[in-house]
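A short write-up of the structure that comes next.
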Amino acid sequence: MSEEYLKLQKCYESFKKKIDFIPKIALILGSGLGDYAETIKVEETLDYHEIEGFPISTVPGHKGRFIFGYIKEVPVVIMQGRVHYYEGYPISDVVLPVRLMKLMGAQVLFLTNAAGGVNYDYNAGDFMLISDHISNFVPSPLIGQNMDELGTRFPDMSHVYDSDLREIIKNTAKELTISLQEGVYVQLTGPAYESPAEVRMCRILGGDAVGMSTACEAVAANHMGMRICGISCISNLACGMSDAPLNHKEVQEVADRVAPLFKKLVTASIINMSKTLTD
Numbered sequence: 001m002s003e004e005y006l007k008l009q010k011c012y013e014s015f016k017k018k019i020d021f022i023p024k025i026a027l028i029l030g031s032g033l034g035d036y037a038e039t040i041k042v043e044e045t046l047d048y049h050e051i052e053g054f055p056i057s058t059v060p061g062h063k064g065r066f067i068f069g070y071i072k073e074v075p076v077v078i079m080q081g082r083v084h085y086y087e088g089y090p091i092s093d094v095v096l097p098v099r100l101m102k103l104m105g106a107q108v109l110f111l112t113n114a115a116g117g118v119n120y121d122y123n124a125g126d127f128m129l130i131s132d133h134i135s136n137f138v139p140s141p142l143i144g145q146n147m148d149e150l151g152t153r154f155p156d157m158s159h160v161y162d163s164d165l166r167e168i169i170k171n172t173a174k175e176l177t178i179s180l181q182e183g184v185y186v187q188l189t190g191p192a193y194e195s196p197a198e199v200r201m202c203r204i205l206g207g208d209a210v211g212m213s214t215a216c217e218a219v220a221a222n223h224m225g226m227r228i229c230g231i232s233c234i235s236n237l238a239c240g241m242s243d244a245p246l247n248h249k250e251v252q253e254v255a256d257r258v259a260p261l262f263k264k265l266v267t268a269s270i271i272n273m274s275k276t277l278t279d
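Numbering-wise, UniProt numbering puts 157 at position 157 of the sequence shown, and it's gapless, one number per residue.
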């Protein structure tokens with residue numbers, strides 16, 4: 001049994017001592033959605049500091065806690081503040097929360113983030129449904145001894161982002177008359193924003209949006225057999241695509257501006273996709 005799996009089990013035991021709740025959907029909140037968890041019917045909260053060995057988010061504006069509750073009748077666990085590789089954690093710690101939410105009972109991982117657009121057809125404030133990702137620029141969370149208890153040594157990556165869930169999100173966006181792009185997300189390490197040459201590289205590789213999270217989480221979830229979907233909020237055009245210099249304040253401002261629409265889309269999508277889940 002690997003050290004990483006033993007650490008995961010300790011976190012799970014710590015969770016079980018404090019929380020009696022089985023979620024069906026796990027939702028990770030990106031920039032601009034930080035207060036979304038407070039709009040649901042909250043049953044329990046669990047601060048990351050209360051979980052033995054759990055990595056703590058250090059990003060400003062990330063509250064660092066799990067929220068357990070209901071979106072309409074759907075039991076969910078919401079991660080209010082994710083952990084990033086650029087914070088200095090090993091990649092196994094970055095994806096530990098995802099693995100923990102699977103052990104809690106979650107069948108679906110719903111990823112959200114704020115990302116830079118590298119596709120010239122995108123504008124700040126657009127939403128992009130993630131159809132695939134490129135994660136080669138960060139270490140794979142599956143490197144090292146395989147956790148046979150979670151999944152196979154060589155998992156297939158043909159359909160990481162569940163086609164049925166993507167169809168539900170697209171139909172939900174149509175019903176709400178919310179415009180939705182669809183494209184490939186590229187994860188780089190950060191924390192520096194990408195250079196103009198790196199942005200051109202992402203575009204040449206087939207990327208539509210670039211960010212500092214999400215893909216490694218999807219790899220870990222796919223390894224465990226979770227169904228995965230994700231939406232990026234395009235908070236800015238990436239470096240070199242406009243004359244404006246990039247800064248975190250701008251990213252946060254755009255994410256906050258479109259947050260009401262983002263929340264509406266996430267809520268309705270979760271309600272619709274819950275009809276496809278098993279008891």
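C-beta: ideal position from N, C-alpha, C; glycine also. Predicted model only: the values in this text are computed from it and were never measured.
Looking at the strands, I want to know which residues DSSP matches up with F66. L46, M79
Three or more C-beta pairs under 8 Å: does that hold for the segment 183-192 against the segment 268-276? No, the segment 183-192 is not in contact with the segment 268-276.
Check whether the Cβ atoms of G144 and M128 sit closer than 9 Å, and answer yes or no. no
N236 versus M1 - alpha carbon distance: 44 Å
What does the alpha-carbon distance come out to for the pair P23 and A197? 42 Å
Verify the CB distance criterion: does R82 have a CB-CB separation below 9 Å to chain D? Protein chain content of the structure displayed is limited to a single chain, and chain D is not contained in it.
First through last residue of the beta strand (DSSP E) which encompasses A26: Element bounds for A26: 25-28.
Name the one or two DSSP bridge partners that L129 has. Per DSSP, the beta bridge partners of L129 are E182, I231.
Report the rounded CA-to-CA distance for C229 versus L27, giving the unit in angstroms. 10 Å
Cβ neighbour criterion (16 or more within 10 Å) applied to E194: buried
Between L142 and S135, what straight-line distance do the alpha-carbon atoms span, to the nearest angstrom? 12 Å
Give a yes or no on whether the C-beta atoms belonging to E44 and I19 are separated by under 9 Å. yes
So the candidates are D148, K170, G206, A106; which of them puts its Cα closest to the Cα of Y120? Distance check between Y120 and each of D148, K170, G206, A106 places G206 closest, using alpha-carbon atoms only.
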